[in-house]
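K.L.:
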Amino acid sequence: MLLMGDEMGKTQDGNNNTYCHDSPFNWLNWDLLEQNQAWFRFVKHCIAFRLAHPVLRNSEHFQNCDYLGVGFPDISWHGVKPWHADWSADSRVLAFMLCGRHAKGGRVKDNQIYVAMNMHYESLWFELPAPPVGTTWHVFANTGAQPPEDIHPPGQEPPSLPNHPYSLAIGVLLFYWLNKLS
C-alpha cells in the first residue's frame with residue numbers, strides 16, 4: 039500500500055495519525071520528486087510491473103497446489119536453493135514463485151514470477167528454479183544493484199545468465215520467465 043508521497047520519499051516521521059496537523063507531515067513537498075528521482079523511478083516501474091502481470095493481482099487465495107494440472111503449483115516456496123524453503127526460526131530468507139498459468143484462477147495466462155528476499159545482513163547466493171527448455175529468466179529488480187541497474191522498465195528486462203546464482207544482502211530480487219501464453 040502506498041500513501042501520498044511515498045513514491046517520492048515523503049515521510050511522516052513515524053506518525054500515522056497526522057490528520058490534525060497543519061504541518062509538513064501533511065504537505066506534499068514536490069521538491070522531493072527531484073531529490074529522490076531514483077526512488078520515484080523504482081516505484082514507477084514496480085507499479086507498471088504489477089499492472090502488466092495479472093498473477094500479482096489475484097483475488098483468490100493461493101492454494102499451494104497445481105489445481106489446474108499445468109506442472110507448477112499456484113505458489114511454491116523456495117530458499118537459497120530452488121524448491122527448498124527454510125522455515126526454521128533462524129532463517130532470514132524467503133523466496134517464492136507464482137505460476138502465471140494460475141493467474142485469476144486459470145482464466146488468464148501470465149508469466150512465472152520469482153521473488154527472493156534476504157533479510158540478513160550477510161550476502162547470500164540465490165539459485166533460481168530451472169525454467170523450461172526454450173525459456174529464460176529475466177531480471178526485473180535487484181535491490182542490491184545501483185541505479186539505474188536496480189530495476190528495469192517492464193518489457194525491457196535483461197535476461198539472466200543461465201544457471202547463474204545471484205548474490206544479495208538485505209534486499210529483494212525479482213525475476214520472471216516468459217511462458218508461451220497461447
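Note that this note's numbering has the sequence shown beginning at 39, numbered continuously upward. All C-beta atoms in this analysis are idealised placements derived from N, C-alpha and C, irrespective of residue type, glycine included.
If you follow the alpha helix (DSSP H) that Trp77 is part of, which residue opens it and which one closes it?
P.N.:
Counted from its first residue, the sequence shown places residue 77 at position 39. Note, Trp77: alpha helix (DSSP H), 75 to 90.
K.L.:
Count the other CB atoms within 10 Å of the CB of Ile189; is the residue buried (16 or more) or exposed (fewer)?
P.N.:
Your numbering for residue 189 matches position 151 in the sequence shown. Ile189 should be labelled buried.
K.L.:
State the beta-bridge partners of His122 as determined by DSSP.
P.N.:
Looking up residue 122 in the sequence shown gives position 84. Looking at the DSSP assignment, His122 forms a beta bridge with Lys119.
K.L.:
For Ser220, which of helix, strand or coil comes out of DSSP?
P.N.:
Position 182 of the sequence shown, counted from the first residue, corresponds to residue 220. Confidence in Ser220 is poor, its pLDDT being 46 and thus under 50, which makes the residue's placement too unreliable to answer from.
K.L.:
Cα-Cα, which of Gly117, Arg95, Val171, Lys142 is closest to Asn156?
P.N.:
Here the question's residue 156 lines up with position 118 in the sequence shown. That would be Gly117, whose Cα lies nearest to the Cα of Asn156.
K.L.:
Label Ile85 either buried or exposed according to how many other C-beta atoms from any shown protein chain fall within 10 Å of its C-beta, with 16 as the threshold for buried.
P.N.:
Against the sequence shown, residue 85 aligns to sequence position 47. It counts as exposed.
K.L.:
In angstroms, rounded to a whole number, what distance separates the CA positions of Asp128 and Glu160?
P.N.:
Sequence index remark: in the sequence shown, residue 128 carries index 90 (1-based). Sequence index remark: in the sequence shown, residue 160 carries index 122 (1-based). Straight-line Cα distance between these residues: approximately 13 Å.
K.L.:
Measure the alpha-carbon distance for Ala207 versus Phe178 and round it to whole angstroms.
P.N.:
For the purposes of this step, residue 207 is taken as residue 169 along the sequence shown, with counting starting at 1. For the purposes of this step, residue 178 is taken as residue 140 along the sequence shown, with counting starting at 1. Approximately 17 Å, taken between the alpha carbons.
K.L.:
In three-state terms, what does DSSP make of Val171?
P.N.:
For the purposes of this step, residue 171 is identified with residue 133 of the sequence shown, where counting begins at 1. It is coil, neither helix nor strand.
K.L.:
Skipping 5 residues on each side, what residues in its chain have a beta carbon closer than 7 Å to that of Pro170?
P.N.:
Here residue 170 refers to the residue found at position 132 when the sequence shown is read from its first residue. Result list for Pro170: empty, nothing under 7 Å.
K.L.:
Please name the residue, chosen from Met46, Gly47, Phe63, that lies closest to Asn54 on a Cα-to-Cα basis.
P.N.:
Counting from 1 along the sequence shown, the entry for residue 54 is found at position 16. Here the closest residue by C-alpha is Phe63.
K.L.:
Between which two residues does the beta strand (DSSP E) carrying Val210 extend?
P.N.:
In the sequence shown, counting from the first residue as 1, residue 210 sits at position 172. Segment 209 to 215, the beta strand (DSSP E) holding Val210.
K.L.:
Alpha carbon to alpha carbon, how far is Asn180 from Phe87?
P.N.:
Position 142 of the sequence shown holds residue 180. Position 49 of the sequence shown holds residue 87. Distance between the alpha carbons of Asn180 and Phe87: 14 Å.
K.L.:
Report yes if the C-beta distance between Met46 and Phe80 is below 8 Å; otherwise report no.
P.N.:
Within the sequence shown, the letter at position 8 stands for residue 46. Within the sequence shown, the letter at position 42 stands for residue 80. In this structure, Phe80 does not lie closer than 8 Å to Met46 by Cβ.
K.L.:
Considering only the beta carbon of each residue, do Pro197 and Pro120 sit closer than 8 Å?
P.N.:
Within the sequence shown, numbered from 1, the residue matching residue 197 stands at position 159. Within the sequence shown, numbered from 1, the residue matching residue 120 stands at position 82. No; because the gap between Cβ atoms is not below 8 Å, this pair is not in contact.
K.L.:
Which residues mark the beginning and the end of the beta strand (DSSP E) in which Met155 is found?
P.N.:
As a first step, residue 155 must be located in the sequence shown, where it is residue number 117. Run containing Met155: 150 to 156, per the beta strand (DSSP E) assignment.
K.L.:
For the candidate residues Trp68, Arg130, Leu132, Ile113, whose alpha-carbon lies nearest to that of Gly138?
P.N.:
The residue labelled residue 138 in the question sits at position 100 within the sequence shown. Taking only the C-alpha atoms, the option nearest Gly138 is Ile113.
K.L.:
Can you check DSSP and say which residues form a bridge with Ser114?
P.N.:
As a position in the sequence shown, residue 114 is number 76, starting the count at 1. Note: Ser114 sits in a beta bridge opposite Met135.
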